Amino acid sequence: MGENLKISSSPHIRSRETTGNIMLWVIIALLPATAFGIYNFRDTHAWLVVILTTAAAVLTEYLFEKLMHKPVTIRDLSAAVTGLLLALNLPPSVPLWMGPLGSVFAIVVVKQLFGGLGQNFMNPALAARCFLLISFAGRMTTFVYDGVTGATPLASIRANVEAGSSPLAGINTMDMLMGNTGGTIGETCVPAIILGAIILILRGIIDLRIPGTYIVTFALFIGIFGGTVEEIGFFNVPYMTAQLCGGGLMLGAWFMATDYVTSPITKKGQYVYGAVLGILTGLFRLFGGSAEGVSYAIIFSNLLVPLIERVTLPRPFGKGGEK
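Residues 1 to 323 (my numbering) make up the sequence shown, in order.
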């Protein structure tokens, strides 16, 4: 207790947790999804995509800070986390140069040009994924699984709806849950993602406010508005399960929507943020041009964080405050 009462400038009570420790635990939590993705897509060069994309992010941060005569911060592991998250959001068969290109964009344009860690206004990994998706749409939407090139389950559902056939025709929701399907390297296996999320929750690095609100809001949105699609009906459990397990929703909810820098700091704001994420993802998937929507939903919600915090920030008592 005596250490907490030392007279010094604020903050007076300090945590032993450092940025490096937190990022290390995030990397550890991502290992189950990473390992499964590399095994699941072993017929491709998924492992090289992970290594090269992560290494490129770290090297880019080191070189940029050296050239700009800034303190080198690669030891805080934030660049490694950015590179790993970007790699897990890439198809396993992308050209090997594409991941490093995305890493350069994430570190230089989204992170460093805005002041470095803590100053970026959107998630660097997702911003880089959207950059690659816009620039190389064909390669970013080509997925290989078990030696066969095909669409993701969510893309197949959308195609079925547009063709007027049963939306879930040819869709195995259990395969989607366990990861036995095409997709990006880290998004397919829900148990592996949940295992990593449990690690972060037990360590106190994240809590349930943002991801829980996100998932529940999205499920309700899909249950209600999915009923407007012929042959689905309201709260169709297999359809809702497919939507929850596909398109990187779980990876985004637990590992990217919870980013400290780009999410609200107020508790009320975190609930609002999660609800906005769920609604935007549902809108993009059901009524937009994309079958996925998670990356764009998180990016748009990142831009709304200052407004959310302004509305939900507690006002001080006294003049102009609550009475």
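All C-beta atoms in this analysis are idealised placements derived from N, C-alpha and C, irrespective of residue type, glycine included. Just so it is clear, the structure is predicted and the values come from calculations on it, not from any experiment.
Check the Cα spacing between TYR145 and each of ASN236, LEU200 and ILE38: the tightest is with ILE38. Residue pairing by DSSP leaves THR213 without any beta bridge partner. The beta-carbon distance between MET176 and PRO211, rounded to whole angstroms, is 19 Å. This is too long to meet the 8 Å contact definition. Taking MET98 as reference, the option from VAL305, ARG139 and LEU283 with the minimal CA-CA separation is ARG139. Here the segment 66 to 78 does not lie against the segment 158 to 167, with fewer than 3 beta-carbon pairs under 8 Å apart. For PHE300, the enclosing alpha helix (DSSP H) covers residues 294 to 312. Contact check for GLY233 and ILE298: beta-carbon distance about 29 Å, past the 8 Å limit, so the pair fails to qualify.
With distances taken between CA atoms, ALA192 lies nearest to ALA35 out of SER301, LYS267, GLY204 and ALA35. Per DSSP, the beta-bridge partners of PHE143 are GLY150. In the DSSP annotation of this structure, the continuous segment of the alpha helix (DSSP H) that includes ASP175 starts and ends at 173 to 178. In this structure, the alpha-carbon of LEU52 lies about 19 Å from that of LEU133. Counting along the chain, the unbroken alpha helix (DSSP H) around PRO32 starts and ends at 19 to 40. In the same chain as TRP25, and ignoring 5 residues on each side of it, the C-beta atoms closer than 8 Å to its own belong to ILE199, LEU200, ARG203 and ILE205, in chain order. By the Cβ-count criterion, LYS267 is exposed, with fewer than 16 other Cβ atoms from all chains shown falling within 10 Å of its own Cβ.
In this structure, PHE131 lies near PHE105, with their beta-carbon atoms less than 9 Å apart. Counting along the chain, THR53 sits inside the alpha helix (DSSP H) bounded by residues 46 to 67. PHE131 sits in a helix when the DSSP states are folded into three classes.
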